[in-house]
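>
In this note's numbering, the protein residues as written are 1 to 324.
1) Can you list, in chain order, the residues of its chain with a C-beta nearer than 7 Å to that of residue 215? Leave out the 5 residues immediately preceding and following it.
2) Quick one, are the C-beta atoms of residue 11 and residue 238 less than 8 Å apart?
3) Does the segment 265–273 touch the segment 45–65, meaning 3 or more C-beta pairs lie closer than 8 Å?
4) Got a sec, what are the start and stop residues for the alpha helix (DSSP H) residue 176 sits in?
5) Using only the alpha-carbon positions, how far apart do residue 155 and residue 67 sit?
6) For residue 16, which residues in the same chain have their Cβ closer than 6 Å to its Cβ, ignoring the five residues on either side in sequence?
7) In chain order, what residues of the same chain have a beta carbon less than 7 Å from the beta carbon of residue 335, not counting five sequence neighbours either side?
8) Indicate whether residue 65 and residue 181 have their beta-carbon atoms separated by less than 8 Å.
9) Please name the residue, chosen from 195, 201 and 219, that lies closest to residue 183 on a Cα-to-Cα basis.
10) Please report the Cβ distance between residue 28 and residue 193, rounded to the nearest whole angstrom; I am assuming they are in contact, meaning their Cβ atoms lie under 8 Å.
11) Give the secondary structure of residue 74 by DSSP, where H, G and I count as helix, E and B as strand, and everything else as coil.
12) Please confirm whether residue 134 and residue 6 have their CB atoms less than 8 Å apart.
13) To the nearest angstrom, how far is it from the Cα of residue 223 to the Cα of residue 233?
14) Could you tell me whether the Cβ atoms of residue 132 and residue 268 are closer together than 8 Å?
15) Taking the alpha helix (DSSP H) that residue 127 belongs to, which residues open and close that run?
16) Taking C-alpha atoms, which residue in 63, 81, 92 and 34 lies nearest to residue 197?
17) Using DSSP with H/G/I as helix, E/B as strand and the rest coil, what is residue 310?
18) Assuming residue 241 and residue 162 form a contact by the criterion Cβ under 8 Å, report the distance between their Cβ atoms to the nearest whole angstrom.
19) So residue 99 packs on residue 157, CB below 8 Å; how close in whole Å?
20) Can you give the beta carbon distance from residue 83 to residue 145, rounded, assuming they're within the 8 Å contact cut?
21) Could you give the distance in angstroms between the alpha-carbon of residue 81 and the alpha-carbon of residue 201?
22) Taking only runs of the alpha helix (DSSP H) that begin and end inside the segment 252–286, which ones reach a length of at least 4 residues, in chain order?
23) Should residue 62 be labelled buried (16 or more other beta-carbon atoms within 10 Å of its own) or exposed?
24) Among the candidates 9, 25, 14 and 18, whose CA atom is the shortest distance from the CA of residue 209?
25) In chain order, which continuous runs of the alpha helix (DSSP H) of length 4 or greater are located wholly inside the segment 32–62?
26) Keeping to the same chain, check which residues put their C-beta closer than 8 Å to that of residue 175; ignore five residues upstream and five downstream.
27) Please state whether DSSP places residue 202 in a helix, a strand or coil.
And the structure:
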């Protein structure tokens, strides 16, 4: 396996893990607490990573960490859950799948990556494939839900682009940077959750197990792999792994909840997965023309050649009767 393939495979584990969020939320967590769930995903994971790495931002990185935390976590989670509650699950997934198109535009503005026909086609194909998998006939649309879904996709896409643009400070690992963002995002969600949803609900052992999985496996580890992958892949390649999340959710729904998968859904999976794979195939490196060969002449050879030429010229002049 090549190095890039290994990076892609590890990064893909993040959206695959996020695809289990729907199942864990419905089967293990208390209902109607989306903001509290977002808070429990982000803040405990962020504080754990801060304790493990023992590194805090310095200088301008206080502001950058806050911006990245807001885009990737603090704004993304509430908008995502708002869309999920206002829209049928399939519609919310389709609205969120436009993220790769947002990344193409934002990468052109902030990274100087010119949009290519391939990036546009693969992004559109991925969204179309996801729509075939999750969108049901007669699904109702809600304006606020659609706007929230689009804004959540835009927030996450901007987070990908600015994570790529800023990188990370020298001497700071991806684990520490993940901890900064999760903590900042969790602190943003904290007052919003208590203001809108009130005090935390009484939690059972099943609830605590679900929150533990979301916080540490689904968030701390997954976001570490995600941010690490963004550093090593192009922005468009990384975001085209996103459709693996709704595809994973559909497979879990079929395997664990008995949800049907017909020919249309399977065709959609093939299209979305094919677009994801195509997005990882970079262009071939152009052939570098061979440099012309140069003949090096040592100084003694150069001098002897010059003296020989001078002698030949002198002899020619003497023969013609011209003295030097």
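Virtual Cβ for every residue (Gly too), placed ideally from N, Cα, C. No experiment lies behind these values; they were computed from the predicted model shown.
In this structure, then:
1) 40, 41, 44 and 45
2) yes
3) no
4) 174–197
5) 11 Å
6) 244 and 248
7) Because the chain in this structure spans residues 1 to 324, residue 335 falls outside the shown range and cannot be described.
8) yes
9) 219
10) That belief does not hold up - the Cβ atoms of residue 28 and residue 193 are roughly 18 Å apart, past 8 Å.
11) helix
12) no
13) 15 Å
14) yes
15) 117–134
16) 34
17) Low confidence applies here, because residue 310 scores a pLDDT of 46, under 50, leaving its location unreliable and the question unanswered by this model.
18) Contact doesn't hold; Cβ gap of about 18 Å is too wide.
19) 5 Å
20) 5 Å
21) 18 Å
22) 263–278
23) exposed
24) 25
25) 34–53
26) 49, 52, 53 and 224
27) coil
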